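Enquirer: With my numbering applied, the sequence shown covers 1 to 303.
Even for Gly, the Cβ is constructed at its ideal location relative to N, Cα and C.
Every value quoted in this text rests on a predicted model; they were computed, and no experiment measured them.
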Amino acid sequence: MAEDKVPEAGAAKAIVEMTAEARAHALHACRRILRPLVKILIRAGVRFDEFCETIKGVYIESAVRDGLGPLGKGTRARITYLTGIPRRDVDRYIDDPSLLVGPHQTDAKTVAEVIHLWHTDPLYQGPYGVPLEMDFYRPRGRSFSELVNRVNPDADPVRVLDELLRAGVATGSMDRSVKVLSRAYVVPEALSAPMLEHLGSTIANLASTIEFNMATEGDDKRLERSVFADRGLPEAAIPRFDAFIRSRVSKLMLEVDDWFGDLAKKEPETLVGPNRVDTGLTIFHYLISQKKPTPIRELIDRE
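1. Taking V186 as the reference, which of I115, E50, P131 and P36 has the closest Cα?
2. Mind checking who P131 pairs with in its DSSP beta bridge?
3. What is the rounded straight-line gap between the Cα of Y349 and the Cα of E269?
4. Measure the Cβ-Cβ separation of V64 and G72 and say whether it is below 8 Å.
5. Quick one, are the C-beta atoms of V158 and V111 less than 8 Å apart?
6. By DSSP, does K39 sit in helix, in strand, or in coil?
7. What is the DSSP secondary structure of A44, counted as helix, strand or coil?
8. Using C-beta distances below 8 Å, list every residue in its chain close to V151, excluding the 5 sequence neighbours before and after it, in chain order.
9. Quick test of your reading: A108 and E197, contact by CB under 8 Å. State the CB separation rounded to the nearest angstrom.
10. Since S322 is in the alpha helix (DSSP H), which residue starts that stretch and which ends it?
11. Compute the Euclidean distance between the alpha carbons of V178 and R88, then round it to the nearest angstrom.
12. Check this for me: beta carbons of D345 and G261, under 8 Å apart or not?
13. What residue range is occupied by the uninterrupted alpha helix (DSSP H) comprising V178?
14. Quick check on DSSP: helix, strand or coil for A184?
15. Pull up the distance between the alpha-carbon of M1 and that of T80, whole angstroms please.
16. So, at 6 Å on beta carbons, what are the nonlocal neighbours of E3 in its own chain, with the 5 sequence-adjacent residues on each side left out?
17. To which residues does DSSP link G218 through a beta bridge?
18. Helix, strand or coil: how does DSSP classify G69 here?
19. Which stretch, first to last residue, makes up the alpha helix (DSSP H) that contains T110?
20. If we ignore side chains and look at the alpha-carbon of each, how far apart do A12 and L34 end up?
21. Given this structure, state the Cα-to-Cα distance separating K56 from R47, to the nearest angstrom.
22. Quick one: Cα of G67 to Cα of A190, how far?
23. What residue range does the alpha helix (DSSP H) around A77 cover?
24. Residues in its own chain within less than 8 Å of L181 by CB, not counting five upstream and five downstream?
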């Protein structure tokens, strides 16, 4: 077919046309992004060949879904030519959807929404908006199991309670009542499925926002703000800075959470229907040493 021909060299050049400096920064940015991620992969026992296979799928899926820039919609031949991925692999990923299917979602999102409703819905609140202590299960009426079922009918209330107890967010048991202790849910185990799911969601959301803003002009850009100390801070000042931003950000996050709750109470009709998107706000504190890294040849002995 004519549309499946390999593109001309001039057309291929158009898609990669950028200065050598910009290309170098693009690759270096990718390297910096991958550095902490690869550290996690190594700790999780993921081999380089497994990682490369994953990257193949990302390249192919992106080329199919997002196109090839100036060349427009990608064909299999164009994707093969411009990505350098063998045609057999391009065909394999396109023809076998199971290769791009992720694992089942964890209960983390359900847990977070249970905590949110417990603190914002009057049905689960007592005087002054204090979350009520509830029986784990009742045949009818308000209970922890009913709350979980309202959030996600497919979720197991026992598993959700176990996660809340493990994270220190709630206290109680199936045999007694359940009481929520905190409005913040932090996954307790490193390299657990919920923690790695959180990693993927957070990094993907941040990268998606930055990529969108790079391609968008004017007021349509999404909120993306950073504030940093010129030339850094002395290490002794970091605990003070950390305490300051924790107190201010905690207040902001509660206000945002309350805003979501008020919207659900005052305008419930706006939260139903097919045209919904996941949205929220993520703020994080970063620390990067200004010390020049030691060359890796000095960190490992010769064999």
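Expert: To lay it out plainly:
1. On the sequence shown, position 186 is the one that residue 186 refers to. V186 has its Cα closest to that of I115, out of I115, E50, P131 and P36.
2. Counted from its first residue, the sequence shown places residue 131 at position 131. Answer by DSSP bridge pairing, in chain order: Q125.
3. The structure shown does not extend to residue 349, since the chain is modelled only from 1 through 303, so no value can be given for it.
4. For the purposes of this step, residue 64 is taken as residue 64 along the sequence shown, with counting starting at 1. For the purposes of this step, residue 72 is taken as residue 72 along the sequence shown, with counting starting at 1. The answer is no: Cβ separation not under 8 Å.
5. Looking up residue 158 in the sequence shown gives position 158. Looking up residue 111 in the sequence shown gives position 111. Their beta carbons are not under 8 Å apart, which means V158 does not touch V111 by this criterion.
6. Here residue 39 is taken as the residue at index 39 of the sequence shown, counted from 1. DSSP places K39 in helix when its eight states are reduced to three.
7. Walking along the sequence shown from the start, residue 44 turns up at place 44. Coil.
8. Sequence index remark: in the sequence shown, residue 151 carries index 151 (1-based). Cβ within range, chain order: T110, E113, V114 and L117.
9. In the sequence shown, residue 108 corresponds to position 108, counting from 1. In the sequence shown, residue 197 corresponds to position 197, counting from 1. Contact flag correct, Cβ pair sits at about 6 Å.
10. The structure shown does not extend to residue 322, since the chain is modelled only from 1 through 303, so no value can be given for it.
11. If you number the sequence shown from 1, residue 178 lands on position 178. If you number the sequence shown from 1, residue 88 lands on position 88. If you take the alpha carbons of V178 and R88, they lie about 55 Å apart.
12. In this structure the chain extends from 1 to 303, so residue 345 is not present and cannot be described.
13. Reading the sequence shown from its first residue, position 178 is the one you call residue 178. Counting along the chain, no alpha helix (DSSP H) covers V178; the unbroken beta strand (DSSP E) around it starts and ends at S177 to V180.
14. For this step, residue 184 is matched to residue 184 along the sequence shown. Three-state result, A184: coil.
15. Taking the sequence shown and counting its residues from 1, the one referred to as residue 1 is at position 1. Taking the sequence shown and counting its residues from 1, the one referred to as residue 80 is at position 80. The predicted position of M1 is uncertain, since its pLDDT is 41 and thus under 50; a value taken from the coordinates is nonetheless stated next. Taking the straight line joining both Cα atoms gives about 16 Å.
16. Indexing the sequence shown from 1 puts residue 3 at position 3. At E3 the pLDDT is 47, less than 50, meaning the model places this residue with poor confidence and gives no usable figure here.
17. For the purposes of this step, residue 218 is taken as residue 218 along the sequence shown, with counting starting at 1. Bridge partners of G218: none, in fact.
18. Walking along the sequence shown from the start, residue 69 turns up at place 69. Three-state DSSP puts G69 in a helix.
19. Within the sequence shown, numbered from 1, the residue matching residue 110 stands at position 110. From DSSP, the alpha helix (DSSP H) with T110 extends over A108 to T120.
20. To locate residue 12, count along the sequence shown from 1; it is residue 12. To locate residue 34, count along the sequence shown from 1; it is residue 34. Residue placement at A12 is flagged as unreliable, the pLDDT there being 49, under the threshold of 50; the coordinate-derived value follows with that caveat. Whole-angstrom Cα-Cα distance: 27 Å.
21. Working through the sequence shown from its first residue, we reach residue 56 at position 56. Working through the sequence shown from its first residue, we reach residue 47 at position 47. Distance between the alpha carbons of K56 and R47 is about 15 Å.
22. For the purposes of this step, residue 67 is taken as residue 67 along the sequence shown, with counting starting at 1. For the purposes of this step, residue 190 is taken as residue 190 along the sequence shown, with counting starting at 1. Rounded to whole angstroms, G67 to A190 spans 37 Å at the Cα level.
23. Within the sequence shown, the letter at position 77 stands for residue 77. Counting along the chain, the alpha helix (DSSP H) containing A77 begins and ends at R76 to T83.
24. As a working mapping, residue 181 is identified with position 181 in the sequence shown. Contacts found: G168, V169, A170 and T171.
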